[in-house]
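Using the UniProt record's numbering, the first residue of the sequence shown is number 1, and each one after it goes up by one.
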Amino acid sequence: MYDLEFITKEEWEEAEKEPVKIVANRAKRSAANIHWAPYFVEWIRQKVEKEYGYDRFWRGGLRVYTTLDLNIQKAAEDSLIDYLKDNEHQGALVAMNPHTGFIEALVGGRDFWENQYNRATQARRQTGSAFKLFTYTAAIDTGKFSAVSPFFDAPIAFKRSKKVGKGAEIKEEGEFWSPQNYEKYFWGDVYLWQMFAHSINVSSVKLLQEVGVGKVINYARKLGIDSPLNHDLTLTLGTSGMTLLETVRGYATIANYGIKVRPMFIQKIEDREGRILKENFPQGETVLSPQTSFVMIDLLEKAIDYGTGRRVRRLGFDRPCGGKTGTVGWPREKNTDKTIDAWFIGFTPDLVAGVWVGNDDASPLGEKKTGSAVAIPIWTEFMKKALDNQPVKDFSSPPGIVFKKIDIETGLLATPKDENALWFAFLEGTAPKEYSSSQQRATSNKRRITVRPVFLGQEQNQFSPR
Numbered sequence: 001m002y003d004l005e006f007i008t009k010e011e012w013e014e015a016e017k018e019p020v021k022i023v024a025n026r027a028k029r030s031a032a033n034i035h036w037a038p039y040f041v042e043w044i045r046q047k048v049e050k051e052y053g054y055d056r057f058w059r060g061g062l063r064v065y066t067t068l069d070l071n072i073q074k075a076a077e078d079s080l081i082d083y084l085k086d087n088e089h090q091g092a093l094v095a096m097n098p099h100t101g102f103i104e105a106l107v108g109g110r111d112f113w114e115n116q117y118n119r120a121t122q123a124r125r126q127t128g129s130a131f132k133l134f135t136y137t138a139a140i141d142t143g144k145f146s147a148v149s150p151f152f153d154a155p156i157a158f159k160r161s162k163k164v165g166k167g168a169e170i171k172e173e174g175e176f177w178s179p180q181n182y183e184k185y186f187w188g189d190v191y192l193w194q195m196f197a198h199s200i201n202v203s204s205v206k207l208l209q210e211v212g213v214g215k216v217i218n219y220a221r222k223l224g225i226d227s228p229l230n231h232d233l234t235l236t237l238g239t240s241g242m243t244l245l246e247t248v249r250g251y252a253t254i255a256n257y258g259i260k261v262r263p264m265f266i267q268k269i270e271d272r273e274g275r276i277l278k279e280n281f282p283q284g285e286t287v288l289s290p291q292t293s294f295v296m297i298d299l300l301e302k303a304i305d306y307g308t309g310r311r312v313r314r315l316g317f318d319r320p321c322g323g324k325t326g327t328v329g330w331p332r333e334k335n336t337d338k339t340i341d342a343w344f345i346g347f348t349p350d351l352v353a354g355v356w357v358g359n360d361d362a363s364p365l366g367e368k369k370t371g372s373a374v375a376i377p378i379w380t381e382f383m384k385k386a387l388d389n390q391p392v393k394d395f396s397s398p399p400g401i402v403f404k405k406i407d408i409e410t411g412l413l414a415t416p417k418d419e420n421a422l423w424f425a426f427l428e429g430t431a432p433k434e435y436s437s438s439q440q441r442a443t444s445n446k447r448r449i450t451v452r453p454v455f456l457g458q459e460q461n462q463f464s465p466r
């Protein structure tokens, strides 16, 4: 280099004094490591190569420290691939630490070597009822609603307007859109916690109407959703396309008591000499009160213990956890139980995981392939393996939370004689003050018997996600 005048004589003499260092070529090792977590490694490659250039990435001896936990990654790959091996569907799984944002596992499809499309980070799919988290969070945070706020689940129709757009499959001006429930009947008197736990669509649309579409979109943004969202009443039914990664991030914000963290794949990057070129640290932003977050955690626990997430318990996962299913129906046929997207997003205090199952061409998964039937078995198997030998932790309630035992028939405070009662978390000032009575229970039961079920027959709407 001195002979070719690339360096000065002084630089040449200084270099002569430096001892020779033997540095292993890590390029081959990096290429081999893609067999571990290939979708994750490919994501890293794209980001680092773009930032540092092709030559430096492949020949510069860079050492990249990631957030991946190989044990958790293996649990993710085994659980997802195990389920998908018996069919031709695609799927994805993301696991994230809600406190640090570390992505501890990521699987973007059934076979990386066959197709490198990353369904965890690139695919935007309708989420179905998994989106209801954001509607109910916005509602609870107003202080006007609680777990036992009463609603009447009955037929309702909306004339086409800016608030009811293309997501509702309305084609002509003046047509009416009537949201439908997955079960094809109406529930009559329900309470907010039941609407959420059982993914009742009609009442959830009414709740969205009361809270406001714009407000719910703002809450989704605050919690971590970046994808475009439909500004209409179908929003709460999950008609907007979202990635699995951002959906997991939204749920992680709730699990982290309202502190939103940035998903992190890379902890630091060093050069071949060990000098740190880049270092990332967890970054948190408080976007929601811990009290509202805890009420939502309580509702998500109820969804697993008493709602569409019950299969989690039936499959033997008994740790404290919350979660929500999402199912998107086949839009091209009326009166069908065919589904095209199946979701489940759930968490324990220290681990959030999301599962999506579907087909790249949005063809049907089959009859009644709901989030409960398809995604929950994968999620449950993964969580069992990922948390094996880890201590069991429960969610802790922050100051400002009041627990009340509620008679689930009347939605009022339970008396010692009330056997059908559950404990609920309330924001201060939102719990009922009146105790239930036999007369109130009789009135409540009468209204339920009168209205439920009302079957829809041939009038069933073609879009009834759960």
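Just so it is clear, CB atoms sit at the ideal spot from N, CA and C, and this is done for glycine as well.
On a predicted model such as this, the values are computed, not experimentally measured, just so you know.
- Query: Thinking C-alpha only, which one of Ala252, Gly224, Val211 is nearest Phe347?
  - Reply: Locating residue 347 in the sequence shown gives position 347, where the first residue counts as 1. It is Ala252 whose Cα lies nearest to the Cα of Phe347.
- Task: Give every residue of the same chain whose Cβ lies closer than 8 Å to the Cβ of Val392, excluding the five residues on either side of it in the sequence, and list them in chain order.
- Result: On the sequence shown, position 392 is the one that residue 392 refers to. Once the five neighbours on either side are set aside, the close Cβ partners of Val392 are Arg319, Pro320.
- Item | Beta-carbon proximity check, Leu365 vs Ile340, cutoff 8 Å | Position 365 of the sequence shown, counted from the start, is the residue given in the question as residue 365. Position 340 of the sequence shown, counted from the start, is the residue given in the question as residue 340. Remark: C-beta atoms of Leu365 and Ile340 approach each other more closely than 8 Å.
- Bridge partner(s) assigned by DSSP for Leu387: The sequence position of residue 387 within the sequence shown is 387, counting from 1. Per DSSP, none; premise fails for Leu387.
- Item | Thr415, buried or exposed, once every other Cβ within 10 Å from all chains shown has been counted against 16 | Taking the sequence shown and counting its residues from 1, one reaches residue 415 at position 415. Classification of Thr415: exposed, given that the 10 Å Cβ count is below 16.
- Message: Relative to the C-alpha of Val287, which candidate in Lys222, Trp423, Ala157 has its C-alpha closest?
- Response: The residue labelled residue 287 in the question sits at position 287 within the sequence shown. Residue Lys222 is the option with its Cα nearest to Val287.
- Query: Got a sec, what are the start and stop residues for the alpha helix (DSSP H) Lys215 sits in?
  - Reply: One-based indexing of the sequence shown puts residue 215 at position 215. That run of the alpha helix (DSSP H) goes 213–223.
- Secondary structure at Tyr191, three-state DSSP: helix, strand or coil? Indexing the sequence shown from 1 puts residue 191 at position 191. In the three-state DSSP reduction, Tyr191 falls in the strand class (E or B).
- Item | First through last residue of the alpha helix (DSSP H) which encompasses Phe131 | Mapped onto the sequence shown, residue 131 falls at position 131. For Phe131, no alpha helix (DSSP H) encloses it, and the DSSP letter there is neither H nor E.
- Quick one, are the C-beta atoms of Leu70 and Phe382 less than 8 Å apart? Within the sequence shown, numbered from 1, the residue matching residue 70 stands at position 70. Within the sequence shown, numbered from 1, the residue matching residue 382 stands at position 382. Result no, Cβ atoms of Leu70 and Phe382 do not sit closer than 8 Å.
- When the cut-off is 8 Å and only beta carbons count, does Thr127 lie next to chain C? Given the protein chain composition of this structure (a single chain), no chain C is represented.
- Please report the Cβ distance between Ala342 and Gly354, rounded to the nearest whole angstrom; I am assuming they are in contact, meaning their Cβ atoms lie under 8 Å. Looking up residue 342 in the sequence shown gives position 342. Looking up residue 354 in the sequence shown gives position 354. With a contact defined as Cβ atoms closer than 8 Å, Ala342 and Gly354 miss out at about 12 Å.
- Query: Cα separation between Lys28 and Ser240?
  - Reply: One-based indexing of the sequence shown puts residue 28 at position 28. One-based indexing of the sequence shown puts residue 240 at position 240. The predicted position of Lys28 is uncertain, since its pLDDT is 40 and thus under 50; no value can be drawn from it.
- Measure from the alpha carbon of Val190 to the alpha carbon of each residue in Ala154, Trp177, Val216, then state which is nearest. Counted from its first residue, the sequence shown places residue 190 at position 190. Ranking Ala154, Trp177, Val216 by CA distance to the CA of Val190 puts Ala154 first.
- Could you spell out the range, first to last residue, of the beta strand (DSSP E) harbouring Ala255? As a position in the sequence shown, residue 255 is number 255, starting the count at 1. Run containing Ala255: none in the beta strand (DSSP E); it sits in the alpha helix (DSSP H), 244–255.
- Could you tell me the boundaries of the alpha helix (DSSP H) in which Lys74 lies? Working through the sequence shown from its first residue, we reach residue 74 at position 74. Segment 70–84, the alpha helix (DSSP H) holding Lys74.
- Message: Please tell me whether Pro349 and Val148 are closer than 8 Å, where the distance is taken between their beta carbons.
- Response: The residue you call residue 349 lines up with position 349 of the sequence shown. The residue you call residue 148 lines up with position 148 of the sequence shown. Remark: C-beta atoms of Pro349 and Val148 do not approach each other more closely than 8 Å.
- Nearest candidate by alpha-carbon position, reference Gln157, set Val205, Ala138, Ala120, Pro150: Counting from one through the sequence shown, the residue named residue 157 turns up at place 157. Inspection of the sequence shows that residue 157 is occupied by Ala rather than by Gln. Minimum Cα distance to Ala157 is reached at Val205.
- Task: Report buried or exposed for Ser227, applying the criterion of at least 16 other Cβ atoms within 10 angstroms of its Cβ.
- Result: In the sequence shown, counting from the first residue as 1, residue 227 sits at position 227. An exposed status is given to Ser227, since fewer than 16 other beta-carbon atoms sit within 10 Å of its beta-carbon.
- Message: So if DSSP puts Arg63 in a beta bridge, which residue, or which two residues, is it bridged to?
- Response: Reading the sequence shown from its first residue, position 63 is the one you call residue 63. Answer is Glu270, bridged to Arg63.
- Item | Residue from Ile401, Glu301, Ile254 whose Cα sits closest to the Cα of Leu426 | Position 426 of the sequence shown, counting from 1, holds the residue named residue 426. The identity of residue 426 in the sequence shown is Phe, whereas the question assumes Leu. Nearest C-alpha to Phe426: Ile401.
- Considering only residues of the same chain and omitting the five flanking positions on each side of Asp141, which have a CB-CB separation below 6 Å? Looking up residue 141 in the sequence shown gives position 141. Only Thr292 meet the Cβ criterion.
- Message: In this structure, how does DSSP classify Gly167 when only helix, strand and coil are distinguished?
- Response: Taking the sequence shown and counting its residues from 1, the one referred to as residue 167 is at position 167. Residue confidence is low: Gly167 scores 46 on pLDDT, short of 50, so the model does not pin down where it sits. No coordinate-derived value is stated.
- Message: Measuring alpha carbon to alpha carbon, tell me which residue in Glu77, Ala138, Leu133, Glu183 is nearest Gly212.
- Response: On the sequence shown, position 212 is the one that residue 212 refers to. Per the Cα distances, Ala138.
- Query: Given Lys215, which residues of its chain have a CB within under 7 Å of its CB, disregarding the five upstream and five downstream residues?
  - Reply: Position 215 of the sequence shown, counted from the start, is the residue given in the question as residue 215. Correct list, in chain order: Ala138.
- Message: If contact is defined by three or more beta carbon pairs under 8 Å, each pair taking one atom from either stretch, is the region 38–49 in contact with the region 253–266?
- Response: When C-beta atoms of the region 253–266 are compared with those of the region 38–49, three or more pairs fall below 8 Å, so the two segments count as touching.
- Message: Let me check one thing: in DSSP terms, what residues is Lys338 bridge-paired to?
- Response: Taking the sequence shown and counting its residues from 1, the one referred to as residue 338 is at position 338. Note: Lys338 sits in a beta bridge opposite Glu367.
- Task: Report the residue from Asp418, Asp388, Pro398, Trp36 whose alpha carbon sits nearest the alpha carbon of Asp407.
- Result: To locate residue 407, count along the sequence shown from 1; it is residue 407. Of the listed residues, the one whose Cα sits closest to Asp407 is Asp418.
- In the DSSP assignment, what are the bridge partners of Trp113? Counted from its first residue, the sequence shown places residue 113 at position 113. Trp113 pairs with nothing; no bridge assigned.
- Compute the distance between the beta-carbons of Phe134 and Ala220, then report whether it is under 8 Å. Position 134 of the sequence shown, counted from the first residue, corresponds to residue 134. Position 220 of the sequence shown, counted from the first residue, corresponds to residue 220. In this structure, Phe134 places its C-beta atom within 8 Å of the C-beta atom of Ala220.
- Under 7 Å Cβ to Cβ from Leu277, same chain only, skipping five residues before and after it: list those, please. Reading the sequence shown from its first residue, position 277 is the one you call residue 277. Closer than 7 Å at Cβ, skipping near neighbours: Ile269, Glu270, Asp271.
- Span of the alpha helix (DSSP H) around Glu42: Here residue 42 corresponds to residue number 42 of the sequence shown, with the count starting at 1. Its alpha helix (DSSP H) spans residues 38–52.
- From the DSSP output, in three-state form, read off Trp423 for me. Taking the sequence shown and counting its residues from 1, one reaches residue 423 at position 423. Strand at Trp423.
- Member of Gly316, Met296, Val295, Gly322 whose CA lies at the smallest distance from the CA of Thr308: Sequence index remark: in the sequence shown, residue 308 carries index 308 (1-based). That would be Gly322, whose Cα lies nearest to the Cα of Thr308.
- Query: Taking the alpha-carbon positions, what's the Leu300 to Gly371 distance?
  - Reply: Mapped onto the sequence shown, residue 300 falls at position 300. Mapped onto the sequence shown, residue 371 falls at position 371. When rounded, the distance between both Cα atoms is 15 Å.
- Query: For Phe382, which of helix, strand or coil comes out of DSSP?
  - Reply: Mapped onto the sequence shown, residue 382 falls at position 382. Phe382 falls in the helix class under three-state DSSP.
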